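So the structure is just underneath, and the comments pick up after that.
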Amino acid sequence: MWYGVYCRSLCRSPAMLERFRRPEILLLVLAASMPLSFSVWNTLLNNFVVAKASFTGADIGLLQSVREIPGFLAFTVIFVLLLIREQRLALLSLVATGVGVMLTGFFPSLTGLLLTTLLMSIGFHFYETLQTSLALQWFPKKNSAIWMGRMAAAGSFTALLAYGLVWGLMNLANLDYTWVYLIGGGTTVVIALIAWILFPQFPQPHSQRKQLILRKRYWLYYALTMMSGARRQIFIVFAGFLMVEKFGYSVGEIAALYTANHLLNLYIAPKIGQFIVRFGERRILTLEYVGLVLVFTGYALVESAMLAAVLYIIDHLFFSMAIAIKTYFQKIVDDRDIASSAGVSFTINHIAAVVIPVLFGLLWLTSPAMVFFAGSLMALVSLGLAQLVPEQPGPGNESRLGQGMAAI
891 MWYGVYCRSL CRSPAMLERF RRPEILLLVL AASMPLSFSV WNTLLNNFVV AKASFTGADI
951 GLLQSVREIP GFLAFTVIFV LLLIREQRLA LLSLVATGVG VMLTGFFPSL TGLLLTTLLM
1011 SIGFHFYETL QTSLALQWFP KKNSAIWMGR MAAAGSFTAL LAYGLVWGLM NLANLDYTWV
1071 YLIGGGTTVV IALIAWILFP QFPQPHSQRK QLILRKRYWL YYALTMMSGA RRQIFIVFAG
1131 FLMVEKFGYS VGEIAALYTA NHLLNLYIAP KIGQFIVRFG ERRILTLEYV GLVLVFTGYA
1191 LVESAMLAAV LYIIDHLFFS MAIAIKTYFQ KIVDDRDIAS SAGVSFTINH IAAVVIPVLF
1251 GLLWLTSPAM VFFAGSLMAL VSLGLAQLVP EQPGPGNESR LGQGMAAI
């Protein structure tokens, strides 16, 4: 009811409608729409593949490997941009994600799930790449971190809605997996189509180069991005596994941790954006990596289930600080390189997704603690790299090692 009143008021007030139809608002809407499908897919996946598709450990491993392939190939988005503009492709990518999730429940077999997951993952990784590119182009440099923090908070809010949707539809409405996937994915598709109609095609401030670009002067950004991808794998693959294997956390308790993470992120993420604007990228990244050294060391040594949960929540909160890597790059990049560089950096970020789960999985068999000590070592490397970020980054002042490298 309130939504209908709001929409009618927008239509009666052209000025209000124009204030709403801005690039920043579009990115907030899109950031909120993605978790409605992806969180539903991710929350149901393990139960669905066991109950409906009789998956083995080898099957789920294959499925997750296939899911990461589009992330590793994210650089190919630049070739698609030869045919379609970024804003339109971002919306189509959201539609592809939603459709992949919608179809998941209809194909409970290894082949079917590989195909629907591939479709979902192509949409997801293309969208994430384009979201970064558009944010760096559209947000003003002086306060882009604040807007990126708001985007993270919007995603956390709708992820919470997705968890509630799954619980309500499965436990109260007693709907089958097929319907839950259909509703979750369909919601993202509907929002993307409404955004396509409601928002105009916004101009790009600078024409983007439509070829792969690797520049020596961006080397610090590439290094920070690769280490950030490695840190994410430690959290996603091994921190959660530690909670279950060592401390016996149930599905409900893990879900409670996710909920706590997103609730805190609603408040923390916008604040981190403000802190980046106030204190600069180097100080925020330094805080993140010092904290990660302590958190990963804590994972290695912890013997208390409650303390492990605290470490898990703190670990997740540090993710928002990675916004500082994006705003640092926004300040040093040639404006025409943003789209290409977003695809390349997403591929670099996923190098770790291919290597770390396998290698560290073998190390886990010998010593789980060594996995997290290795994570602490990677955090120390990231901390060293962060110290090279200048106080005032800009073209020609990309790192504290010198006044930058010549463009190549």
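Here the numbering used here runs 890 ahead of the position in the sequence shown, where the first position is 1. Glycine included, every Cβ here is placed at the ideal spot set by N, Cα and C. Predicted model only: the values in this text are computed from it and were never measured.
Where does the unbroken alpha helix (DSSP H) through Q1220 begin, and where does it stop? For Q1220, the enclosing alpha helix (DSSP H) stretches over residues 1213-1222.
Top-ranked residue by Cα proximity to L1000, from F965, S1046, D949: The closest CA to that of L1000, considering only F965, S1046, D949, is found on D949.
Assign N1239 to one of two classes, buried (16 or more other C-beta atoms within 10 Å of its C-beta) or exposed (fewer than that). So N1239 counts as buried.
Where does I1298 sit, in a helix, a strand or coil, going by DSSP? Summary for I1298: the model assigns pLDDT 45, below 50, so the residue's position carries little reliability, and this model does not support an answer.
Could you tell me which of L963, A943, P925, V940 sits nearest to G1233, measuring between CA atoms? Checking every option, the nearest Cα to that of G1233 belongs to L963.
Complete alpha helix (DSSP H) runs within the stretch 1131-1217 (minimum length 4 residues, chain order): The alpha helix (DSSP H) runs lying completely inside the stretch 1131-1217 and spanning 4 residues or more are 1141-1169, 1171-1191, 1195-1207, given in chain order.
Using 8 angstroms as the threshold, is the stretch 1275-1292 in touch with the stretch 1193-1212, meaning 3 or more CB pairs across them? Touching, no, given that fewer than three Cβ pairs across the two stretches are closer than 8 angstroms.
Can you tell me whether DSSP reads G1075 as helix, strand or coil? Here G1075 sits in helix by DSSP.
Determine the extent of the alpha helix (DSSP H) in which S1023 is found, giving its start and end residues. Membership of S1023 in the alpha helix (DSSP H) is indicated by the continuous run 1000-1028.
Check for me: the alpha helix (DSSP H) holding G1054 runs from which residue to which? Its alpha helix (DSSP H) spans residues 1034-1057.
Helix, strand or coil at G988 [DSSP, three-state]: In the structure shown, G988 sits in a helix (DSSP, three-state: H, G or I).
Is there contact here, the stretch 1171-1186 with the stretch 1211-1220, by at least three beta-carbon pairs under 8 angstroms? These segments touch.
Please report the Cβ distance between L917 and W1028, rounded to the nearest whole angstrom; I am assuming they are in contact, meaning their Cβ atoms lie under 8 angstroms. At roughly 7 angstroms, the Cβ-Cβ gap stays under 8 angstroms, so L917 and W1028 are in contact.
If we ignore side chains and look at the alpha-carbon of each, how far apart do V1167 and N1064 end up? Annotation: V1167 to N1064 spans about 47 angstroms, alpha carbon to alpha carbon.
Do the stretch 1038-1051 and the stretch 919-930 meet, that is, are 3 or more Cβ pairs less than 8 angstroms apart? Counting C-beta pairs with one atom in each stretch, the stretch 1038-1051 and the stretch 919-930 have three or more that are closer than 8 angstroms, which means they touch.
Helix, strand or coil at N936 according to DSSP, with G and I counted as helix: Correct three-state label for N936: helix.
Grouping DSSP H, G and I as helix and E and B as strand, with all else coil, what is N1064? Looking at N1064 - three-state DSSP - the assignment turns out to be coil, as it is neither helix nor strand.
Reduced DSSP secondary structure (H/G/I, E/B, other) of G1284: Residue state, collapsed to three classes: strand.
What's the C-alpha gap between A1259 and A1190? Pairing A1259 with A1190, the inter-Cα distance amounts to about 4 angstroms.
S1097 beta carbon less than 7 angstroms from that of T1187: Cβ atoms of T1187 and S1097: not closer than 7 angstroms.
Terminal residues of the continuous alpha helix (DSSP H) containing I1126? Careful: I1126 lies outside any alpha helix (DSSP H) and carries neither H nor E.
Does DSSP classify S1289 as helix, strand or coil? Coil at S1289, not helix or strand.
Span of the alpha helix (DSSP H) around S1257: Boundaries for S1257: no alpha helix (DSSP H) harbours it, and the DSSP string shows neither H nor E there.
Sorted by chain position, which residues of the same chain lie with C-beta nearer than 8 angstroms to L1291's C-beta, five sequence neighbours on each side aside? Hits under 8 angstroms: L1278.
Where does V1279 fall in DSSP's three states? Look at V1279 here: in three-state DSSP terms it is coil, with no helix or strand label.
Taking the alpha carbon of M1268 as the point to measure from, which residue in D1227, S944, V1180, N1287 has its own alpha carbon closest? The residue with the shortest Cα to Cα distance from M1268 is V1180.
Three-pair Cβ contact test at 8 angstroms for the stretch 1118-1134 versus the stretch 1243-1253: By the Cβ test, the stretch 1118-1134 is in contact with the stretch 1243-1253, since at least three Cβ pairs between them sit closer than 8 angstroms.
Proximity to D868 [Cα-Cα], best of G995, T1006, N1033, G1076: Outside the displayed range of the chain (891 to 1298) lies residue 868, so it cannot be described from this structure.
Suppose you measure from the CA of W1254 to the CA of L1201; what does that come to, to the nearest Å? If you take the alpha carbons of W1254 and L1201, they lie about 19 angstroms apart.
Expected contact under 8 angstroms - CB spacing of G988 and A1049 to nearest Å: In fact, because the Cβ distance is near 15 angstroms, the residues do not count as touching under 8 angstroms.
In its own chain, which residues sit with a C-beta less than 7 angstroms from the C-beta of V970, not counting the 5 before and 5 after it? Contacts found: L979.
Check for me: the alpha helix (DSSP H) holding F1236 runs from which residue to which? For F1236, the enclosing alpha helix (DSSP H) has its first and last residue at 1228-1239.
Should T1006 and L1024 be called a contact, given that it needs their Cβ atoms to be closer than 7 angstroms? The beta carbons of T1006 and L1024 sit no closer together than 7 angstroms.
Using only alpha-carbon positions, find the residue among P1030, F1219, L1184 that is nearest to Q1094. Ranking P1030, F1219, L1184 by Cα distance to Q1094 puts P1030 first.
Can you tell me the Cα-Cα spacing of F1250 and P1090, whole angstroms? If you take the alpha carbons of F1250 and P1090, they lie about 47 angstroms apart.
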